[in-house]
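For reference, the structure is listed below as structure tokens.
Residue numbers (this note's numbering): 33 to 203.
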């Protein structure tokens, strides 16, 4: 694991990114609080912590319009979650999600970090994981990545995905 000057080694910072309306905040609150919470568009970021498998995970939920150029959010990051609305079938939104993801991954602080792509809204899914891999051009990404279908309403699916990220943050 990379060391980071000025960062607590026992805390694992994870940035949570994705387009507005993809379900980032709803999924985070289901994971941390195990509650369905009425959310509003995130301005700036939300910060939540969770004890998980003897680790402190610090989730930085970055608002949909504040991601690619906000370099200070990425300092000391150990893992990346990119949330995609799998019920979305607008070509423009999918293209924007791809551009957003690749711009975020272009940040030097995020190279070589594990990337977890969470295809949210699996309960009303229109896009398959294979389609999302193609649309986001994930096979061109150098980071170790994994895609999983989840529902922000189903905490177990989110926990399973987080387990993959935790394992790969230790590699």
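Note that CB positions come from ideal geometry on N, CA and C, so glycine has one too.
The structure displayed is predicted, hence computed values, not measured ones.
Residue 154 places its beta carbon 7 angstroms or farther from that of residue 116. Shown here for residue 187: same chain residues with a beta carbon closer than 8 angstroms to its own, the five before and five after excluded, namely 62, 63 and 66 in chain order. Distance from the Cα of residue 192 is smallest, within the candidate group 141, 84 and 136, for 84. By alpha-carbon distance to residue 133, the top candidate from 122, 199 and 51 is 51. Around the Cβ of residue 199, a 10 Å sphere holds fewer than 16 other Cβ atoms; the residue is exposed. Among the bridge pairs identified by DSSP, residue 181 is matched with 151. Using a C-beta cut-off of 8 angstroms, the region 139–149 makes no contact with the region 117–125, since fewer than three inter-stretch Cβ pairs fall below that distance.
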